[in-house]
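Worksheet: the structure to be examined is printed underneath.
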Amino acid sequence: MNSAVEKRSSLSGHVDVWYCFTDDARLNSKLAQYEAMLSPAEQQQYQLLMHGSNDRDYLVSRALLRTVLSEYCNLAPEDIGFCVNAYGKPELSNSEELGLIQFNTAHTSGLTVCVVTRESDIGIDVESPAENRGILNMADDYFSASELQSLNSRADDQQLDYFYRYWTLKEAYIKARGEGLSIPLHDFSIVLDEQGAFSEFVGPEADRWDFSIVCKNLNFTAAIALGRKINSITYFHSIPLVKQLELSAEEAFNNFPVSGSGQRNRMIG
Numbered sequence: 001m002n003s004a005v006e007k008r009s010s011l012s013g014h015v016d017v018w019y020c021f022t023d024d025a026r027l028n029s030k031l032a033q034y035e036a037m038l039s040p041a042e043q044q045q046y047q048l049l050m051h052g053s054n055d056r057d058y059l060v061s062r063a064l065l066r067t068v069l070s071e072y073c074n075l076a077p078e079d080i081g082f083c084v085n086a087y088g089k090p091e092l093s094n095s096e097e098l099g100l101i102q103f104n105t106a107h108t109s110g111l112t113v114c115v116v117t118r119e120s121d122i123g124i125d126v127e128s129p130a131e132n133r134g135i136l137n138m139a140d141d142y143f144s145a146s147e148l149q150s151l152n153s154r155a156d157d158q159q160l161d162y163f164y165r166y167w168t169l170k171e172a173y174i175k176a177r178g179e180g181l182s183i184p185l186h187d188f189s190i191v192l193d194e195q196g197a198f199s200e201f202v203g204p205e206a207d208r209w210d211f212s213i214v215c216k217n218l219n220f221t222a223a224i225a226l227g228r229k230i231n232s233i234t235y236f237h238s239i240p241l242v243k244q245l246e247l248s249a250e251e252a253f254n255n256f257p258v259s260g261s262g263q264r265n266r267m268i269g
């Protein structure tokens with residue numbers, strides 16, 4: 001294990017955020033090695049996606065997760081085993097033996113992200129914002145009354161931005177809880193301050209949960225939820241089996257690569 005990664009990851013309330021741009025041309029020479037890492041179940045899923053628009057994203061996302069977790073587990077990427085809980089949330093097969101490592105992943109067109117921490121429930125969501133304001137109609141179905149009121153009070157040119165802040169924060173919480181759609185989205189609320197940063201959570205065990213928007217630019221919005229106070233976050237840009245670079249919060253997600261597969265359409269991830 002990388003000693004710096006090990007030292008930070010053992011700190012209470014510390015989160016490591018790893019990301020990879022899946023259009024990066026530097027990935028091309030490694031795709032066969034990424035495929036060799038996959039488990040039989042992942043191989044089957046990859047084959048189903050072959051020749052579609054999401055096959056590369058899937059392959060790179062699995063390679064990122066496996067190479068990242070190998071930093072914490074002292075295992076080769078291909079030797080890492082996964083299981084799922086009763087609601088389908090992925091977990092390490094032998095998490096207790098590996099130091100109670102908790103992780104979560106998310107991807108959208110052109111970007112895959114994973115987060116790692118110790119002992120605490122964690123979730124992440126990432127979206128590539130659509131420019132169509134019609135997406136705002138979804139807020140009525142998924143946002144609480146207070147979130148809707150806050151969203152509607154924003155200026156017209158801010159509403160799409162704030163929609164994705166709320167959306168990613170709420171999805172990160174759902175994923176951290178690991179109970180799927182059994183958690184009604186109307187039954188908890190995210191409160192944002194005037195600058196659009198996380199301010200307060202109103203819901204079950206409110207004192208236990210903390211949130212952060214870890215990416216906000218023209219291309220992506222990403223947020224995390226942690227089942228304890230977030231004390232520190234470290235960011236890594238990773239090209240699996242090629243290089244990894246630690247970045248500041250201001251630099252992270254802004255170092256766009258040369259595209260290897262052309263322009264991607266924006267989509268909800």
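Counting along the sequence shown from 1, when you hit position 174 you're at 174 in UniProt numbering, and nothing is skipped either side.
Idealized CB from N, CA, C, for every residue including glycine.
Residues near L69 in its chain [Cβ-Cβ closer than 6 Å; skip 5 each side]: The residue given as residue 69 occupies position 69 in the sequence shown. Here the set comprises I80.
Inter-residue spacing [alpha-carbon to alpha-carbon] between F201 and N104: One-based indexing of the sequence shown puts residue 201 at position 201. One-based indexing of the sequence shown puts residue 104 at position 104. Cα to Cα, the separation comes out at about 20 Å.
Spatial neighbours of A36 in its chain, beta-carbon cut-off 8 Å, leaving aside the 5 residues before and after: As a first step, residue 36 is located in the sequence shown; it is residue number 36 there, counting from the start. These residues qualify, in order along the chain: E78.
H237 - DSSP class collapsed to helix/strand/coil: Taking the first residue of the sequence shown as position 1, residue 237 is located at position 237. Looking at H237 - three-state DSSP - the assignment turns out to be strand.
Given Y142 as reference, the closest of Y164, L111 and D16 once Cα atoms are compared: Working through the sequence shown from its first residue, we reach residue 142 at position 142. Per the Cα distances, Y164.
Meets three-Cβ-pair contact criterion under 8 Å: the segment 233–248 and the segment 118–130: no
Sequence-distant residues of the same chain with beta carbon closer than 6 Å to Y34, five excluded per side: Working through the sequence shown from its first residue, we reach residue 34 at position 34. Only L59 and A63 meet the Cβ criterion.
For Q102, the three-state DSSP class (helix, strand or coil): The sequence position of residue 102 within the sequence shown is 102, counting from 1. The answer is strand: DSSP assigns Q102 an E or B state.
Complete beta strand (DSSP E) runs within the segment 176–238 (minimum length 3 residues, chain order): 189–192, 198–202, 210–216 and 221–226
The segment 36–49 touching the segment 84–91, judged by at least three CB pairs closer than 8 Å: no
Reduced DSSP secondary structure (H/G/I, E/B, other) of A249: Locating residue 249 in the sequence shown gives position 249, where the first residue counts as 1. Coil.
Collapsed DSSP secondary structure at P40 in the structure displayed: Here residue 40 corresponds to residue number 40 of the sequence shown, with the count starting at 1. It is helical.
Cα-Cα separation between residue 289 and F21, rounded to whole angstroms: An answer regarding residue 289 cannot be provided, because it is not within the stretch 1 to 269 covered by the chain.
Rounded C-alpha distance that separates R154 from T67: Walking along the sequence shown from the start, residue 154 turns up at place 154. Walking along the sequence shown from the start, residue 67 turns up at place 67. Spanning the two alpha carbons is a distance of roughly 41 Å.
R56 beta carbon less than 7 Å from that of V242: As a working mapping, residue 242 is identified with position 242 in the sequence shown. As a working mapping, residue 56 is identified with position 56 in the sequence shown. Against a cut-off of 7 Å, the Cβ pair of R56 and V242 comes out as no contact.
Contacting residues, own chain, Cβ-Cβ under 6 Å from residue 349 (five flanking each side not counted): No statement about residue 349 is possible, as the shown extent of the chain runs from 1 to 269 and does not include it.
Local conformation of G123 per DSSP, three classes: For the purposes of this step, residue 123 is identified with residue 123 of the sequence shown, where counting begins at 1. G123: strand per DSSP, three-state reduction.
Cut-off 8 Å between Cβ atoms - residues of its own chain near S248, not counting five sequence neighbours on either side: One-based indexing of the sequence shown puts residue 248 at position 248. Closer than 8 Å at the Cβ level, and outside the excluded window around S248, lie Y235.
7 Å Cβ shell around N137 - same chain, five flanking residues per side excluded: The residue you call residue 137 lines up with position 137 of the sequence shown. None.
Exposure of A223, with buried meaning 16 or more beta-carbon neighbours within 10 Å: In the sequence shown, the residue the question calls residue 223 occupies position 223. It is buried - the Cβ of A223 has at least 16 other Cβ atoms within 10 Å.
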